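Asks: Handing you this structure, nothing more for now.
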Amino acid sequence: MLFIWTLNLQQRKDWSFLRALKNIPFSPKLGMFMITKANMVTYRGPTMVANTLHACAILLKRSKDWDWFINLSASDYPLITQDDLLDTFSTINRNLNFIEHTSQLGWKEDKRAMPLIIDPGLYSTAKTDIYWATPRRGLPTAFKLFTG
């Protein structure tokens, strides 16, 4: 089983961390890629989706020899050890899909589709949280919404 890692570091000011990171031997032969020109990411906003799609695009460009994309952040650790993850994924069917895909929005219609959300990560270099604008909008009708 091959693990392919794409590491995206936002504009960090922790210089000791960055110096230590430079000593890690990132190697495409080992399936490790570094996104050197990272975009600003505001968690819970559209920049998070854009960043995830960017990482997927890089991985698809570099290698098609992977089966799953798992988006993890520092808050996910210690979720499971790498050995346990490797053992789990080596025993399950590679055709499984862990993504829910439906147009039945339920509670998500009111909580996720109708608010107007402004993501400063789209226009600012300073890291700030998303802004929930008022008033709320009606449910969009120009396209069908799906969730996953």
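Following our numbering, the numbering of the sequence shown begins with 465 at its first residue and continues without gaps. Yeah, the Cβ is synthetic: ideal placement off N, Cα and C, and Gly gets one too. None of these values were measured; they are calculated from a predicted model.
1. Roughly how far, in whole angstroms, is the beta-carbon of Asp583 from the beta-carbon of Thr511, given that I think they are within contact range, below 8 Å?
2. Could you check what DSSP says for Leu580 in three-state terms: helix, strand or coil?
3. Is Thr555 helix, strand or coil by DSSP?
4. Hey, quick one: how far does the alpha helix (DSSP H) through Ala514 stretch, first residue to last?
5. Can you give me the C-alpha to C-alpha distance between Arg558 and Thr552, rounded to a whole angstrom?
6. Kindly give me the distance between the Cβ atoms of Leu580 and Arg601, rounded to whole angstroms, as I take these residues to be in contact under 8 Å.
7. Taking 6 Å as the limit between beta carbons, can you name the residues of its chain near Asp531, skipping five residues before and five after?
8. If we ignore side chains and look at the alpha-carbon of each, how far apart do Gly570 and Met578 end up?
9. Please classify Met465 as buried or exposed, where buried requires at least 16 other C-beta atoms within 10 Å of its C-beta.
10. Between which two residues does the beta strand (DSSP E) containing Tyr595 stretch?
11. Quick check: what's the CA-CA separation for Leu517 versus Phe607?
12. Return helix, strand or coil for Met465, following the three-state DSSP convention.
13. Using beta-carbon positions only, say whether Thr566 and Phe533 come within less than 8 Å of one another.
14. On the criterion of 16 or more Cβ atoms from any shown chain inside 10 Å, does Asn561 qualify as buried, or is it exposed?
Replies: A quick look at the data gives this:
1. As a first step, residue 583 is located in the sequence shown; it is residue number 119 there, counting from the start. As a first step, residue 511 is located in the sequence shown; it is residue number 47 there, counting from the start. Confirmed, Cβ separation roughly 5 Å.
2. Walking along the sequence shown from the start, residue 580 turns up at place 116. Shown here, Leu580 sits in a strand according to DSSP, grouped into three states.
3. Walking along the sequence shown from the start, residue 555 turns up at place 91. Of the three classes helix, strand and coil, the one that applies to Thr555 here is helix, per DSSP.
4. The residue you call residue 514 lines up with position 50 of the sequence shown. Taken as a continuous stretch (DSSP letters only), the alpha helix (DSSP H) holding Ala514 covers Pro510 to Arg526.
5. Position 94 of the sequence shown, counted from the first residue, corresponds to residue 558. Position 88 of the sequence shown, counted from the first residue, corresponds to residue 552. Approximately 11 Å, taken between the alpha carbons.
6. Along the sequence shown, one-based indexing puts residue 580 at 116. Along the sequence shown, one-based indexing puts residue 601 at 137. For Leu580 against Arg601, the beta-carbon gap comes to about 6 Å, under 8 Å, which counts as contact.
7. Translated into positions along the sequence shown, residue 531 becomes position 67. Once the five neighbours on either side are set aside, the close Cβ partners of Asp531 are Arg558.
8. Your numbering for residue 570 matches position 106 in the sequence shown. Your numbering for residue 578 matches position 114 in the sequence shown. Each residue's alpha carbon lies about 12 Å from the other.
9. Within the sequence shown, the letter at position 1 stands for residue 465. Bear in mind that a pLDDT of 48 at Met465, under 50, signals an unreliable position, so the model cannot answer this.
10. Position 131 of the sequence shown, counted from the start, is the residue given in the question as residue 595. For Tyr595, the enclosing beta strand (DSSP E) covers residues Tyr595 to Ala597.
11. Residue numbering aside, residue 517 sits at position 53 when the sequence shown is read from its first letter. Residue numbering aside, residue 607 sits at position 143 when the sequence shown is read from its first letter. Going by the C-alpha atoms only, they are around 20 Å apart.
12. By one-based count along the sequence shown, residue 465 stands at place 1. In this prediction, Met465 has a pLDDT of 48, which is less than 50 and means its spatial position is unreliable; what the coordinates show is noted afterwards. Three-state DSSP puts Met465 in coil, outside helix and strand.
13. Sequence index remark: in the sequence shown, residue 566 carries index 102 (1-based). Sequence index remark: in the sequence shown, residue 533 carries index 69 (1-based). Not in contact: Thr566 and Phe533 (Cβ atoms no closer than 8 Å).
14. Position 97 of the sequence shown holds residue 561. Exposed is the call here.
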